[in-house]
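>
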Amino acid sequence: EAGVTQSPTHLIKTRGQQATLRCSPISGHTSVYWYQQALGLGLQFLLWYDEGEERNRGNFPPRFSGRQFPNYSSELNVNALELEDSALYLCASSLNDRGRRGTRTVNEQFFGPGTRLTVL
Amino acid sequence: AQSVTQLGSHVSVSEGALVLLRCNYSSSVPPYLFWYVQYPNQGLQLLLKYTSAATLVKGINGFEAEFKKSETSFHLTKPSAHMSDAAEYFCAVSRNTDKLIFGTGTRLQVFP
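What follows is the structure in structure tokens.
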């Protein structure tokens, strides 16, 4: 079974440009999550998409946006790039098992290898 | 609000020694807890997860963790370290399908 894939592996942009990062989830997974891993800031939640809708958003400015396609793959767009946007961007996918009424479900997230974005 | 604290940003052990990586959580509801490992220039790999079943959770590569509600802890252990265990380890907490909240990570070094 193929894991989560991300492209490109590396991306170099200059300040003010736009970056587009892509993620393909594990087959059958409907939820996609984006995280930023910046030096000194740890792993920060960015966005969560499920069934094509944005479900939750982390504490990031609106120039971070994305979408999820009908095949559940996802794009992360970062507009007006700033130097501090340089980071490893990780995508994760999970099942969205709603389970029976009243029961809690655990949806472990499986991570891709990441896209290293460098802003010069 | 949920949060995770990992005590010790760096831990060094000798090969064959016990590995103990500490994680304490704060959660207003019973949490789901996870340990992930990250090797250099790679994504995160799930080691193990706690889902309110058994309090002692066994994971991959010989790692295990014990959920202690009274101490709000979920420490990761391995009886005998191997050189290949050198990596960064992250503890995380979540609710259902919600986001993962990560600790700041602990870098494990293993010396021969």
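Residue numbers (the working numbering), protein chains in the order written: chain A, 1 to 120; chain B, 121 to 232.
Yeah, the Cβ is synthetic: ideal placement off N, Cα and C, and Gly gets one too.
Using beta carbons (cut-off 7 Å, strictly below), is Pro62/A in contact with chain B?
no
> Tell me, please, whether the CB atom of Leu90/A is closer than 7 Å to any CB atom in chain B?
yes
> Counting beta carbon pairs with one atom in the region 61–69 of chain A and one in the region 7–14 of chain A, are three or more of them shorter than 8 Å?
No: the two stretches stay apart, fewer than three of their Cβ pairs being nearer than 8 Å.
> Is Phe154/B near Ala207/B, with beta carbons less than 7 Å apart?
no
> Asn77/A lies in the beta strand (DSSP E); which residues open and close that run?
It spans 74–78 - the beta strand (DSSP E) in which Asn77/A sits, taken as one unbroken run.
> Keeping to the same chain, check which residues put their C-beta closer than 6 Å to that of Arg120/A; ignore five residues upstream and five downstream.
This sequence places Leu at residue 120/A; Arg is not what is there. Answer for Leu120/A: Thr14, listed in chain order.
> Which residues, taken in chain order from the region 155–168 of chain B, show a beta carbon closer than 9 Å to some beta carbon of chain A?
Tyr156, Gln158, Asn161, Gln162, Gly163, Leu164, Gln165, Leu166
> Out of Leu83/A, Cys91/A, Ser94/A, state which residue places its alpha-carbon closest to the alpha-carbon of Gly16/A.
Leu83/A
> What would DSSP say about Asn56/A, mapped onto helix, strand or coil?
strand
> What would DSSP say about Ser204/B, mapped onto helix, strand or coil?
helix
> Once DSSP output is grouped into helix, strand and coil, what is the label at Ile180/B?
helix
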